[in-house]
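Listed below in structure tokens is the structure:
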């Protein structure tokens, strides 16, 4: 039948076109070029930093259309009725030992300057991350072009410099580092409280999208069901899914510019001690002001 059809020029054209369409539809990849990816993260989470840097390095290599989605790890875990990271660490000595060792180990392999803070439990518990995540949402609405660098600086402040970035003073430092002047920084930080509901909404939307932990990578296909990855150790699987090549944590070594290690202070104090020092300093200032008035 086909042979007889191929004998006619018009039929040959129709058969060839049909075969080409069939081949094209059967081999079509579901992923767009560039591939759209939503990256959900909390700058309190060190594994989010690792995944963030890898995604940025591979963005031009894999043609990724990357959308950064700041959310709250605490809210994500609460919505999923999962134990908080602080609870997990406190309930298992073995897990806490592994967690921090693994983060530090991956930091060295990924060339991300992670140093475990002296009081990580304080960061995961008392400090939290609401202010810094609201800072990012405020920044995204007013200066979206600064979101990437601001996110990196927040991680760096906590996981390299061992400072509580959730404090307003630290956020002023961050605003200065990313290039805002004093007036812009004040205006931005004064708007943080107005983004409380936005953080709740963004976190709830993330849960509805399937997020249960951070970091969370959501690949948006072209018309098909999305694919998701949790953690900072699934890039080989992601590469296979996208039909790309995984070349390790540094895809272009010749063009790689490492993040500078934070300087180590000669006089190191923990965050709790730092807070006490700040509290005492504030008392002294208040007493001095009171003496001047009297």
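In UniProt numbering, the protein residues as written are 1 to 294.
Beta carbons are placed, not taken as given, at the ideal position from N, Cα and C, and that holds for glycine.
If you draw a straight line from the alpha carbon of residue i to that of residue j, how long is it in whole angstroms?
| i | j | result |
| --- | --- | --- |
| residue 21 | residue 224 | Note that residue 21 scores a pLDDT of 40, beneath 50, so its modelled location is shaky; the value from the coordinates is reported in the next line. C-alpha separation (whole angstroms): 20 Å. |
| residue 169 | residue 109 | 32 Å |
| residue 98 | residue 59 | 30 Å |
| residue 56 | residue 81 | 31 Å |
| residue 47 | residue 40 | 12 Å |
| residue 61 | residue 286 | 56 Å |
| residue 158 | residue 117 | 7 Å |
| residue 190 | residue 162 | 25 Å |
| residue 204 | residue 212 | 11 Å |
| residue 296 | residue 242 | No information on residue 296 is available, as it lies outside the stretch 1 to 294 that the chain covers here. |
| residue 94 | residue 100 | 10 Å |
| residue 219 | residue 90 | 33 Å |
| residue 144 | residue 178 | 12 Å |
| residue 52 | residue 92 | 27 Å |
| residue 256 | residue 290 | 55 Å |
| residue 84 | residue 131 | 18 Å |
| residue 88 | residue 174 | 30 Å |
| residue 246 | residue 78 | 34 Å |
| residue 258 | residue 251 | 13 Å |
| residue 240 | residue 182 | 46 Å |
| residue 300 | residue 146 | Residue numbering for the chain in the displayed model covers 1 to 294; residue 300 lies beyond these limits and cannot be assessed. |
| residue 234 | residue 222 | 21 Å |
| residue 96 | residue 244 | 34 Å |
Could you tell me whether the Cβ atoms of residue i and residue j are closer together than 8 Å?
| i | j | result |
| --- | --- | --- |
| residue 153 | residue 70 | no |
| residue 199 | residue 217 | no |
| residue 106 | residue 180 | no |
| residue 72 | residue 115 | no |
| residue 86 | residue 142 | no |
| residue 295 | residue 171 | The requested residue 295 is not part of the displayed model; the chain covers only 1 to 294. |
| residue 129 | residue 166 | yes |
| residue 137 | residue 236 | no |
| residue 151 | residue 43 | yes |
| residue 65 | residue 34 | yes |
Select from the options the residue whose C-alpha is nearest the C-alpha of residue i.
| i | options | result |
| --- | --- | --- |
| residue 45 | 111, 33 and 127 | 127 |
| residue 260 | 83, 178 and 156 | 156 |
| residue 231 | 183, 103, 139 and 247 | 103 |
| residue 215 | 131, 38 and 176 | 38 |
| residue 192 | 140, 35 and 122 | 140 |
| residue 122 | 84, 92, 131 and 164 | 164 |
| residue 63 | 36, 252, 255 and 145 | 36 |
| residue 229 | 209, 247 and 222 | 209 |
My guess is that residue i and residue j are in contact by the Cβ rule of under 8 Å, so how many angstroms apart are they, rounded?
| i | j | result |
| --- | --- | --- |
| residue 149 | residue 68 | About 11 Å separates the two Cβ atoms, so there is no contact after all. |
| residue 206 | residue 76 | 6 Å |
| residue 249 | residue 74 | Going by Cβ atoms, the distance from residue 249 to residue 74 rounds to 28 Å, so no, they are not a contact pair. |
| residue 197 | residue 185 | Rounded, the Cβ-Cβ distance is 23 Å, inconsistent with contact. |
Can you find a heavy atom of the ligand GTP that lies under 7 Å from the Cβ of residue i?
| i | result |
| --- | --- |
| residue 109 | Judged by which ligands are present, the structure shown has none, so any question about the ligand GTP falls away. |
To test your reading of the DSSP string, which unbroken alpha helix (DSSP H) runs of 4 or more residues are found completely within the region 29-91? Under the rule that a run must span 4 or more residues, the alpha helix (DSSP H) segments found entirely inside the region 29-91 read 46-62, 73-79 and 85-91.
My parser needs the beta strand (DSSP E) runs of 3 or more residues fully inside the region 170-256; what are they? The qualifying runs are 216-220 and 227-230.
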